[in-house]
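*Asks:*
Residue numbers (the numbering used here), protein chains in the order written: chain A, 5 to 263; chain B, 5 to 263.
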C-alpha cells in the first residue's frame, strides 16, 4: 500500500479562448496553466473537455453538407429529430443500443455507449455540430507530450491527461463527466487481493478513478463561463498501477448485462 | 450566473474508528473534522460512505439468522450464490432488473438500481453482511443537524452532507461513488434556459453534481486505510438552486430506457 493522499486540489483553468480548427490547444492550455500560477508538477492530472479537443482537431460538421440516408430519414421522422443530425450520429456509431423517448443511445466507433454518439451542438453556430475526437486516447497522449515538453517533465514522471464528455446514466437523473481519453495515468485501480483495515480481502473492487477524476474536475469547470479544463493536484493512486487508456474503461460486451 | 468556483479542496478525514451499532457517528465525524485542522465552514460538503452510516444505524444482518425462501434458494443455485445473502438482497429490493453472469441487479426499496441491492460484506466478520441505510436522506439530514450544532453553523448556511455507495455502471468497467443520501445541497444543477459563453441557450443540460461530489471525494477516501469520509471545500453551485435529496437523483421510470 502506497502512502495515501489526504488532500487533493481541483483548479479550474481560466482564459482559454474560443477554439477553432487547427488551433494549438496544447499551447493554449500551457498558457492557461502558466497564468493560473499553479504550474505543472509531476503527479498532476490535466482534465480537458472533449469539446475544445474536437474543435481544435476540426471534428465539426456543417449540417448543410450532410445527405441523410433513408434509414436516418426514417429514424428522424419517428423521433422528431433533424435527419441530418441523425445521419451524423449513425456514421459515428457501430451499433444502436436504444431508441425511445426521443433519445438515440448508440455505441460509438470508439466503443463508448452514450446518447447521440456524443454528437452535440457545437456552440459555433446552429448549423454546425461537434463530434467526439477520432481517437481521444491519442488526443490525450498528444496533449501530454506537448505539455511535458513545455513544463520540463520527464517521460517517467506521473503526469496524466484525461479528455472528458458528459453523459446521462441509466436509472439516474442528470449528466456527469466521464473519461473518454486517458494518457499517463492508470484509469482503473484494482484492489482485488488487497486487504482492508479489518484484515478482509477485497474481492470485486476495481475503482474507475479516471471517471472519478473526470467527474471531480467538472466541479471547477463551467458550462456557462469559458472554463473547459482543470488541473487536479495531489491525487496519488493508493496502489501502484501502470498507465492505461480510455479504452480500458469500456466493459467487455460479453460481461455487459445492458447491451 | 453566480460567481464560479475556481478551486475546490478535497480533504480526507483520518482517525475515524471502526464503527459499531449505536455509535454516535456525528460525534466521531466531528472529532475527525476537528483533528484535521480544517474545521467546518459554510459552503462545505461532508461526504460519508454509507458503510459507516449503516453500521452506526445497526443495518447489519447475521447470515445465520436468515431463512432463505424457495425463490432465493432457486436463484442462489442458478447463480452460485449464498442463498441467505440472496434472501437478504430480495428483502431489500422491490424489483429484479437483471440476473446474469452471477450478478443480481435490483431496484432497492429506496428506488436505487445497483448490484445486490447495495448489500455487501460488512468487514465485521464473514458471517455478517451490511445493508444500505433505511433512509439515506434521513441519515444525511441527521448528520447535518448534529454537525451544524457542533460547529455553530446556522440553518440558512449552505452546508451539505452526502451519503455514498460505490456501484458499477452499464458499459463501463470499475465502480465509482454515487450519492444515495443528500441534505442541505442541490443534487442537480439545471442549466436549461441559461446561455453559454457563445450566447447559446443550453437545452438538455442538467448536471448531477451530488454524484460528481461523491465521485470526487473517493479520490481522498481509501478502501484499505480507515478513511470513510471527506470534506469538500470551495464548491459553489454555478446557478443558485434549492437543496434537495438523494431521491431527486433517481430517474423517472417512465423516462428510463434501461429498466
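Here a beta-carbon is modelled for each residue, glycine too, at the ideal position from N, C-alpha and C.
Does the beta carbon of residue 24 of chain B sit closer than 8 Å to a beta carbon anywhere in chain A?
*Replies:* Locating residue 24 of chain B in the second chain gives position 20, counting from the first residue. Chain A contact via Cβ: absent.
*Asks:* By the criterion of Cβ-Cβ separation under 7 Å, what are the contact partners of residue 59 of chain B in chain A?
*Replies:* The sequence position of residue 59 of chain B within the second chain is 55, counting from 1. Residues of chain A passing the Cβ test: none, with the nearest at roughly 11 Å.
*Asks:* Take residue 6 of chain B and list the residues in its own chain whose beta-carbon comes closer than 8 Å to its own, dropping the five residues that flank it on each side.
*Replies:* Here residue 6 of chain B is taken as the residue at index 2 of the second chain, counted from 1. The predicted model places residue 6 of chain B with a pLDDT of 42, which falls under 50 and marks its position as unreliable, so this point remains unresolved.
*Asks:* Which class does residue 120 of chain B belong to by DSSP, given the choice of helix, strand or coil?
*Replies:* By one-based count along the second chain, residue 120 of chain B stands at place 116. Helix at residue 120 of chain B.
*Asks:* According to DSSP, simplified to helix, strand and coil, what is residue 155 of chain A?
*Replies:* The count along the first chain starts at 1 and reaches residue 155 of chain A at position 151. Residue 155 of chain A: helix per DSSP, three-state reduction.
*Asks:* Express the C-alpha separation of residue 86 of chain A and residue 70 of chain A in angstroms, rounding to a whole number.
*Replies:* Translated into the one-based positions of the first chain, residue 70 of chain A becomes position 66. Translated into the one-based positions of the first chain, residue 86 of chain A becomes position 82. So the two alpha carbons sit approximately 11 Å from each other.
*Asks:* Please report whether the beta-carbon of residue 178 of chain B lies at a distance below 8 Å from any beta-carbon of chain A.
*Replies:* Working through the second chain from its first residue, we reach residue 178 of chain B at position 174. Closer than 8 Å: yes.
*Asks:* Just by C-beta distance, which residues in the segment 124-158 of chain B are closer than 7 Å to chain A?
*Replies:* Residues 125, 127.
*Asks:* I'd like to know if residue 5 of chain B contacts chain A, where contact means its C-beta is closer than 8 Å to some C-beta of that chain.
*Replies:* The sequence position of residue 5 of chain B within the second chain is 1, counting from 1. Reliability of the predicted coordinates at residue 5 of chain B is poor, the pLDDT of 36 falling under 50, and the value obtained from them is presented with this limitation in mind. Judged by the 8 Å Cβ criterion, residue 5 of chain B is in contact with chain A.
*Asks:* As a quick exercise: from B:21, B:13, B:257, B:174, pick the residue whose alpha carbon is nearest that of residue 230 of chain B.
*Replies:* Walking along the second chain from the start, residue 230 of chain B turns up at place 226. Measuring from the Cα of residue 230 of chain B, the nearest candidate turns out to be B:21.
*Asks:* Less than 6 Å between C-beta atoms, sequence neighbours within five positions excluded: which residues of the same chain meet that for residue 72 of chain A?
*Replies:* What you label residue 72 of chain A is simply residue 68 of the first chain in a count that begins at 1. Closer than 6 Å at Cβ, skipping near neighbours: 87, 88, 91.
*Asks:* Going straight from the alpha carbon of residue 236 of chain A to that of residue 82 of chain B, what length do you get?
*Replies:* As a working mapping, residue 236 of chain A is identified with position 232 in the first chain. As a working mapping, residue 82 of chain B is identified with position 78 in the second chain. Near 45 Å, if we compare the C-alpha coordinates of residue 82 of chain B and residue 236 of chain A.
*Asks:* Taking the straight line between their C-alpha atoms, what separation do you get for residue 189 of chain A and residue 53 of chain B?
*Replies:* Taking the first residue of the first chain as 1, we reach residue 189 of chain A at position 185. Taking the first residue of the second chain as 1, we reach residue 53 of chain B at position 49. About 25 Å.
*Asks:* Report buried or exposed for residue 130 of chain A, applying the criterion of at least 16 other Cβ atoms within 10 angstroms of its Cβ.
*Replies:* Stepping through the first chain from its first residue, residue 130 of chain A is reached at position 126. Exposed, since its Cβ has fewer than 16 Cβ neighbours within 10 Å.
*Asks:* Near residue 206 of chain A, which residues of its chain fall below 8 Å by C-beta distance, leaving aside the five closest residues on each side in sequence?
*Replies:* Counting from 1 along the first chain, the entry for residue 206 of chain A is found at position 202. These residues qualify, in order along the chain: 195, 196, 197, 198, 199, 200.
*Asks:* Would you say residue 198 of chain A reaches chain B, if we count a Cβ-Cβ gap shorter than 8 Å as a contact?
*Replies:* The residue you call residue 198 of chain A lines up with position 194 of the first chain. Output row for residue 198 of chain A: interface = yes.
*Asks:* In the DSSP assignment, find the alpha helix (DSSP H) that holds residue 218 of chain A and state where it starts and stops.
*Replies:* For the purposes of this step, residue 218 of chain A is taken as residue 214 along the first chain, with counting starting at 1. That run of the alpha helix (DSSP H) goes 213-222.
*Asks:* Can you list, in chain order, the residues of its chain with a C-beta nearer than 7 Å to that of residue 66 of chain B? Leave out the 5 residues immediately preceding and following it.
*Replies:* Mapped onto the second chain, residue 66 of chain B falls at position 62. Correct list, in chain order: 131, 132.
*Asks:* Taking all protein chains shown into account, decide if residue 39 of chain A is buried (16 or more other Cβ within 10 angstroms of its Cβ) or exposed.
*Replies:* For the purposes of this step, residue 39 of chain A is taken as residue 35 along the first chain, with counting starting at 1. Exposed, by the Cβ-count rule.
*Asks:* Would you identify the three-state DSSP class for residue 141 of chain B, choosing helix, strand or coil?
*Replies:* For this step, residue 141 of chain B is matched to residue 137 along the second chain. Here residue 141 of chain B sits in helix by DSSP.
*Asks:* Output, in chain order, the set of chain B residues within a Cβ distance shorter than 7 Å of residue 212 of chain A.
*Replies:* Start at 1 with the first residue of the first chain, and residue 212 of chain A comes out as number 208. Ordered by position in chain B, the residues that pass the 7 Å Cβ test against residue 212 of chain A are 176, 177, 178, 179, 180.
*Asks:* Measuring straight from C-alpha to C-alpha, what distance separates residue 95 of chain B and residue 62 of chain A?
*Replies:* Within the second chain, numbered from 1, the residue matching residue 95 of chain B stands at position 91. Within the first chain, numbered from 1, the residue matching residue 62 of chain A stands at position 58. Cα-Cα distance, rounded: 53 Å.
*Asks:* Three-state secondary structure (DSSP) at residue 45 of chain A?
*Replies:* By one-based count along the first chain, residue 45 of chain A stands at place 41. Note: residue 45 of chain A maps to coil in three-state DSSP.
*Asks:* Within its chain, find whatever has a CB closer than 7 Å to the CB of residue 110 of chain B; leave out the 5 residues flanking it on each side and keep chain order.
*Replies:* In the second chain, the residue the question calls residue 110 of chain B occupies position 106. Result list for residue 110 of chain B: 93, 97, 99, 100, 101, 121, in chain order.
*Asks:* Work out the CA separation of residue 223 of chain A and residue 216 of chain B for me, nearest whole Å.
*Replies:* For the purposes of this step, residue 216 of chain B is taken as the residue at position 212 of the second chain. For the purposes of this step, residue 223 of chain A is taken as the residue at position 219 of the first chain. Between residue 216 of chain B and residue 223 of chain A, the C-alpha separation is close to 7 Å.
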